[in-house]
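Residue numbering for the sequence shown follows this note's numbering, starting at 1 and increasing by one per position. Cβ atoms here follow ideal geometry from the backbone N, Cα and C, with glycine treated the same way. Here's the structure we're looking at; comments come further down.
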Amino acid sequence: MFKFSFDVDGAGGTPSAAEPQQQEPEQEQMSQNSQQGYECEKLELPENLRQGVVIERDNLHVFVASVDTLVEYINCLSLPVDYFSDDIQLAELDHSDLVPGMYEGGLKVWECTFDLGERMAEKAEYKKLFDKSTVLDLGCGSGILGIVAIKLGASKVAFQDYNKDVLERVTMKNYSLNCCAADDLQSSDQSDSAAVEFYSGDWGSFVDKVERQFDVILTSETIYNTKNYPKLLKLFREKLRPDGVVLLTSKTCYFGVGGGIRLFEKAMDEDGYFRYRTAWECDSGVLREILEIRVKSSSGGQQQQQQQLPGNVAARLLHRVWMLVKHTRYA
Ligand SMILES: C[S@@+](CC[C@H](N)C(=O)[O-])C[C@H]1O[C@@H](n2cnc3c(N)ncnc32)[C@H](O)[C@@H]1O
Numbered sequence: 001m002f003k004f005s006f007d008v009d010g011a012g013g014t015p016s017a018a019e020p021q022q023q024e025p026e027q028e029q030m031s032q033n034s035q036q037g038y039e040c041e042k043l044e045l046p047e048n049l050r051q052g053v054v055i056e057r058d059n060l061h062v063f064v065a066s067v068d069t070l071v072e073y074i075n076c077l078s079l080p081v082d083y084f085s086d087d088i089q090l091a092e093l094d095h096s097d098l099v100p101g102m103y104e105g106g107l108k109v110w111e112c113t114f115d116l117g118e119r120m121a122e123k124a125e126y127k128k129l130f131d132k133s134t135v136l137d138l139g140c141g142s143g144i145l146g147i148v149a150i151k152l153g154a155s156k157v158a159f160q161d162y163n164k165d166v167l168e169r170v171t172m173k174n175y176s177l178n179c180c181a182a183d184d185l186q187s188s189d190q191s192d193s194a195a196v197e198f199y200s201g202d203w204g205s206f207v208d209k210v211e212r213q214f215d216v217i218l219t220s221e222t223i224y225n226t227k228n229y230p231k232l233l234k235l236f237r238e239k240l241r242p243d244g245v246v247l248l249t250s251k252t253c254y255f256g257v258g259g260g261i262r263l264f265e266k267a268m269d270e271d272g273y274f275r276y277r278t279a280w281e282c283d284s285g286v287l288r289e290i291l292e293i294r295v296k297s298s299s300g301g302q303q304q305q306q307q308q309l310p311g312n313v314a315a316r317l318l319h320r321v322w323m324l325v326k327h328t329r330y331a
């Protein structure tokens, strides 16, 4: 079974933009891999999964996104390690959550997925976003966010993950489990009958291969590697409809890895194409946030961001002061 030693969860502490770490030669090679990466490939959902898959109860987990939105899923803990390809077995031998450029962590469900999944299913304005929309679950891993989008009425969902193995052995099964059971297919509102596509490979190659744009791009825990920011920004720029939204969720800071929300915001500021706001941040444990990212409108977009950012920063400062007061009072 897998053990994950990419310890971002245990980091805690104050959020700060960590400096990129000095890299060993082997790590540097891996970072270079992560710049080129695997070619994008479109994968077909096998016929047997279209009919709905049956998974032993003991191997299933349940995510309760809201009272009426449940997602059952399997992850790496449900599967023996020799079930996976060399890349993923290597990660296991290395006790790593991910091996940049080879295996990018999609077998584990990362906690920000649950943060965003809950808000998608509970907040009225998010629920509305998904009705008949086209959605990209970028760096989908288990595919939980894309599945929630289908349950909320999305008409088309593309699941993208770096590793083909993750898509074929986990994501597709989770999709089948939640959206292809006989009662889902016959449901009168047809809410779970979205058209779906699955793409493996690197974001750089995805941009060139997939022509369509999406109303919503969902992405969870994908900004830990600053080297990927130019690719991500290019992808957002080319694949998001002009009136669309990216819902990005992430740890505020990935200690010891380098990336995080503030660094990604800085990259967006330098790029100049997007405006963004913090839609949610957690107030305990490992700091995590949700950002809403939109294209600046050609007239007034810049102004909108300038108006929005000070408010955003002020709200965050106030929040930090409140947390400090609260903790000092009870210390
Ligand atoms: C830490 S995992 C998060 C998985 C999932 N979103 C979650 O929250 O549970 C990061 C994901 O980003 C994707 N990813 C990272 N770097 C990538 C790259 N260069 N090209 C394509 N996908 C990448 C991988 O597919 C991987 O599943």
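- Taking S250 as reference, the option from Y199, W203, Y224 and Y175 with the minimal CA-CA separation is Y224.
- L129 sits away from I217, with the two beta carbons spaced by 8 Å or more.
- Comparing C-alpha distances from L287 to each of G272, D202, V295 and R262 shows the shortest one belongs to R262.
- A direct Cα-Cα distance of roughly 5 Å separates V71 from F63.
- Here V216 carries a strand assignment [DSSP, helix/strand/coil].
- Sequence-distant partners of A158 (beyond 5 residues in either direction) whose C-beta falls short of 6 Å from its own C-beta, in its chain, are L136 and E197.
- Within the model, the alpha-carbon separation for A121 versus T69 is close to 7 Å.
- Only buried fits R275, as 16 or more other CB atoms lie within 10 angstroms of its CB.
- S205 sits in a helix when the DSSP states are folded into three classes.
- Annotated three-state conformation of K227 is helix, per DSSP.
- Selection N174, E289 and N48 evaluated against T219 yields E289 as nearest (Cα-Cα).
- Fewer than three pairs of CB atoms, one per stretch, sit closer than 8 Å, so the stretch 173 to 180 makes no contact with the stretch 204 to 218.
- DSSP, read as helix, strand or coil, puts E221 in coil.
- For R241, the closest C-alpha among the options P46, E56 and S133 is that of S133.
- Here the distance from the Cβ of E47 to the nearest heavy atom of ligand 1 is not below 7 Å.
- E41 and V109 have their C-alpha atoms spaced approximately 23 Å apart.
- Its chain contains V157, C179, D192 and A194 as the residues whose beta carbon lies nearer than 7 Å to that of I150, once the 5 sequence neighbours on both sides are disregarded; these appear in chain order.
- With a cutoff of 8 Å on beta-carbon distance, G141 and G106 are scored as near each other.
- Membership of A181 in any beta strand (DSSP E) is not indicated, and neither H nor E is assigned to it by DSSP.
- Under the 10 Å beta carbon count, D131 is surrounded by fewer than 16 other beta carbons and is classified as exposed.
- Comparing C-alpha distances from H61 to each of D161, V53, Y73 and V67 shows the shortest one belongs to Y73.
- Taking every protein chain shown into account, the CB of R57 has fewer than 16 other CB atoms within 10 angstroms, so this residue is exposed.
- Note on geometry: alpha-carbon atoms of G259 and L98 lie some 14 Å from one another.
- Sixteen is the threshold: since fewer than 16 other Cβ atoms of the shown chains lie within 10 Å of the Cβ of S297, the residue is exposed.
- Judged by DSSP in its simplified three-state form, T113 adopts helix.
- If you check the CB distance, Y38 and D202 come in under 8 Å.
- Sequence-distant partners of A181 (beyond 5 residues in either direction) whose C-beta falls short of 6 Å from its own C-beta, in its chain, are G52.
- Around the Cβ of P100, a 10 Å sphere holds 16 or more other Cβ atoms; the residue is buried.
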